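Scroll down for the structure; my scribbles are underneath it.
Rendered as structure tokens:
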């Protein structure tokens, strides 16, 4: 590590070079302990928080990961997972620690791509920071790509369905809903 | 056992000479000659603070339970609080009331011991913010609570200290201490002495700025706050600060032993137990690991992390400090408790503190000067090749120093040490300390990390395993002679021993295992006299007390969690739980009788 690198550590205002993505992120404004109300550009505010009883209204935009077909997104998302300190809470193996396991099929706030996007963007009441304050949408989708690669997420709901179906590869442990 | 002897034991703080002359059934001679001042303890039948006394002995003078009858212990009653996080605190018994605080959401209960148990007198719901759950490194736990001046005083996970009227359950005051958004939580057990309550923060893995503060017991007003990192003004170091070793002497070492600016997120949190020497008016407590946990990002000794402070409780000013693990590279911390004992060392009586560090050295230190008198390993370690008594520094094996991206297959102990925060007990009869220990190692890969407020400033990727290989034991209970730095015996255990330990004048030692065994042991021989499997692993601190019915009870919480969860997935590891178990001889106690029992009503058309 260079002395210059050392000298910036410990500052409350830290500039993090987001490696492969090439973005420079300012973390000057730290996430507050609340659920953010703003939504990312291009997403309708009618997106439901998770699957409640009955059928949720259809989304105004297809809720799938726009990077689903990008072969590099998983690897880039994995790097971000380390750089953004996600690993500190959810584990280097993503099997949980301070935060929940991201490899299993239990999702407090929904396990479809848009559910996971929203959890990262808005933060969650038990300590998940609101990354929408600091990360652009594309970066959040990269993180979603990595989490999807771990095998426990659910497929995006088709535009005319309210329910999400378990992803094909989940096997016996899969569940069509999630715990609230 | 001779009653006169017992009385003497209680009231003269256990003179070893008396023990030698009257106790014929046992080896009788105290191994260490150590004695304790039991100031701060309540009445003999009470348990009014986590450690029972200011010296942190966890010794009870009760004698109804003995090595002869303890095998008749049976369940008397239970109490469940319904929460799912680790249960680490000791119930307090003041008069005829037991006080219990749950892990998050930190609900307090007063239980009426004069009624068939458990009978709730009052319940207090402080409603802390759930944001704190995800900021707590090692489960949403609380390690204890304090009783002082008619108030139950404790920390909330969301960085408040609260005082509750012990008679009514109504809040008296609540003081905001820090911000959850900065990654700070509070899991420490408040400690009351000298009209003050001492509280500290958690968040050694979150790049916090560590502190210990004193609040006024009556009003909750903050009297002083001493940080573990930063300039001397923050650390409350003044002209009366006299560390024993030269390398800890100098101005602003809490800044100069760090890369520029790095001290501010350098942790040194205080989440362990506090002890108090009433005669010299000194409090003692430890500080956590430095942040980030990746050492190449913070060259230097990183004072005053992984250290112990002796402070004046009135001003907060430091008297001395001693850093156990300079430039702590493995998250060893220095938070473990100081047990205040007096003992002869090399023929000279010394006023000491005994500290079992996570780094696996057991220290006996002159508590007036900070001089290390004894430093010996109490369990297996491989990070240090020896201890330099002249400089007071451990000698580090360079092969165990982590480099980012390079896996080290075996570092012993792992981050949680061979003994974590779980407190030991002292027997004035044997002169020994009884300590729950681990027997574990880690595979370690460091990753460089950036500081992002409210997220882990961590970087350690670890796998923990038994030091003895795949089928090896993970823990044990040891009996330790603090004057000679010698292990006298050990009870090996398949699972980590992470409960508190207590000792009684009946020559009994009680402890629990993280796979749910609660045991009573002969203090002299280590022979297991009684065992009961509970519903969950035990990481709570046992207590013993005399009920209003003049029966001696033993109580402990079974609710595994915290760092014991590194064993999750091992065969035999029990699910989480939330129950306090209370035992007595033959399970006798205050039972529901007569009018309070339901009676059958015979139907009129029953044909009888």
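Protein chains in written order, with this note's numbering: chain A, 1 to 180; chain B, 1 to 608.
Where a beta carbon is used, it is the ideal one built from N, C-alpha and C, also for glycine.
Computed from a prediction, not measured in an experiment: that's the story for all the values here.
Check: Write down every uninterrupted run of the beta strand (DSSP E) in the stretch 451 to 485 of chain B whose length is 3 residues or greater and which is fully enclosed by it, in chain order.; Outcome: 460 to 466, 475 to 481
Check: I'd like to know whether the C-beta of residue 130 of chain B is nearer than 8 angstroms to at least one C-beta of chain A.; Outcome: yes
Check: If you compare alpha carbons, which of B:321, B:554, B:224, B:529 is closest to residue 246 of chain B?; Outcome: B:321
Check: If we ignore side chains and look at the alpha-carbon of each, how far apart do residue 137 of chain B and residue 56 of chain B end up?; Outcome: 26 angstroms
Check: Report the rounded CA-to-CA distance for residue 415 of chain B versus residue 172 of chain B, giving the unit in angstroms.; Outcome: 39 angstroms
Check: If we call anything under 8 angstroms between Cβ atoms a contact, is residue 145 of chain B one with residue 89 of chain B?; Outcome: yes
Check: Under 8 angstroms between the Cβ atoms of residue 227 of chain B and residue 204 of chain B?; Outcome: no
Check: Would you mind giving the Cβ-Cβ distance between residue 590 of chain B and residue 61 of chain B, rounded to the nearest angstrom? I have them listed as a contact below 8 angstroms.; Outcome: That pair is no contact at about 23 angstroms.
Check: Going by DSSP in three states, residue 60 of chain A sits in which element: helix, strand or coil?; Outcome: Caution applies to residue 60 of chain A, whose pLDDT of 49 falls short of 50 and renders its modelled position unreliable; the value that the coordinates give is listed next. In the structure shown, residue 60 of chain A sits in coil (DSSP, three-state: anything other than H, G, I, E or B).
Check: Return yes when at least one heavy atom of the ligand PLP lies under 7 angstroms from the C-beta of residue 407 of chain B, else no.; Outcome: The ligand PLP is not part of the structure shown, which contains no ligands of any sort.
Check: Indicate whether residue 121 of chain B and residue 97 of chain B have their beta-carbon atoms separated by less than 8 angstroms.; Outcome: yes
Check: Determine the DSSP secondary structure at residue 567 of chain B, reduced to helix, strand or coil.; Outcome: helix
Check: Where does residue 73 of chain A sit, in a helix, a strand or coil, going by DSSP?; Outcome: helix
Check: Check distances from the C-beta atoms of the stretch 67 to 87 of chain A to those of chain B and list, in chain order, the residues that come in under 9 angstroms.; Outcome: 82, 83, 84, 85, 86, 87
Check: Pull out every residue of the stretch 133 to 155 of chain A whose Cβ sits closer than 7 angstroms to any Cβ of chain B, in chain order.; Outcome: none
Check: Rounded to the nearest angstrom, what separates residue 515 of chain B and residue 545 of chain B at their Cα positions?; Outcome: 25 angstroms
Check: If we call anything under 8 angstroms between Cβ atoms a contact, is residue 466 of chain B one with residue 502 of chain B?; Outcome: no
Check: Given that a residue counts as buried once 16 or more other Cβ atoms are within 10 Å of its Cβ, and exposed if not, what is residue 293 of chain B?; Outcome: buried
Check: According to DSSP, is residue 376 of chain B helix, strand or coil?; Outcome: strand
Check: Measure the alpha-carbon distance for residue 520 of chain B versus residue 578 of chain B and round it to whole angstroms.; Outcome: 21 angstroms
Check: Could you confirm whether any beta carbon from chain A is found closer than 8 angstroms to the beta carbon of residue 450 of chain B?; Outcome: yes
Check: Spell out the partners DSSP gives residue 393 of chain B in its beta bridges.; Outcome: B:388
Check: What is the DSSP secondary structure of residue 237 of chain B, counted as helix, strand or coil?; Outcome: coil
Check: When burial is assigned at 16 or more other CB atoms within 10 Å of the CB, is residue 628 of chain B buried or exposed?; Outcome: The structure shown does not extend to residue 628 of chain B, since chain B is modelled only from 1 to 608, so the question has no answer here.
Check: So is residue 110 of chain A in contact with chain B if we call contact Cβ pairs under 8 angstroms?; Outcome: no
Check: Closer than 8 angstroms by C-beta to residue 107 of chain B: which residues in its own chain qualify, once you throw out the five before and the five after it? Chain order, please.; Outcome: 81, 83, 101, 123, 124, 125, 126
Check: Could you tell me the distance, in whole angstroms, from the CA atom of residue 371 of chain B to the CA atom of residue 337 of chain B?; Outcome: 17 angstroms
Check: Please report the distance separating the alpha-carbon of residue 357 of chain B from that of residue 480 of chain B.; Outcome: 14 angstroms
Check: Along chain B, which residues have their Cβ under 7 angstroms away from the Cβ of residue 92 of chain A?; Outcome: 461
Check: Residues in its own chain within less than 8 angstroms of residue 66 of chain A by CB, not counting five upstream and five downstream?; Outcome: 141
Check: Is it buried or exposed, residue 640 of chain B, if we count other Cβ atoms within 10 angstroms and call 16 or more buried?; Outcome: The structure shown does not extend to residue 640 of chain B, since chain B is modelled only from 1 through 608, so no value can be given for it.
Check: Suppose the cutoff is 6 angstroms on Cβ atoms and the five residues either side in sequence are ignored; what does the same chain contact list for residue 184 of chain B look like?; Outcome: 159, 178, 201, 203, 208
Check: Going along the chain, which residues of its own chain have a beta-carbon closer than 6 angstroms to the beta-carbon of residue 274 of chain B, five neighbours each way excluded?; Outcome: 191, 198, 283, 285
Check: What number of angstroms, rounded off, separates the C-alpha of residue 69 of chain A from the C-alpha of residue 215 of chain B?; Outcome: 58 angstroms
Check: Of the residues B:556, B:573, B:557, which one's Cα is nearest the Cα of residue 564 of chain B?; Outcome: B:573
Check: Look at residue 345 of chain B and residue 353 of chain B and say whether their C-beta atoms are less than 8 angstroms apart.; Outcome: no
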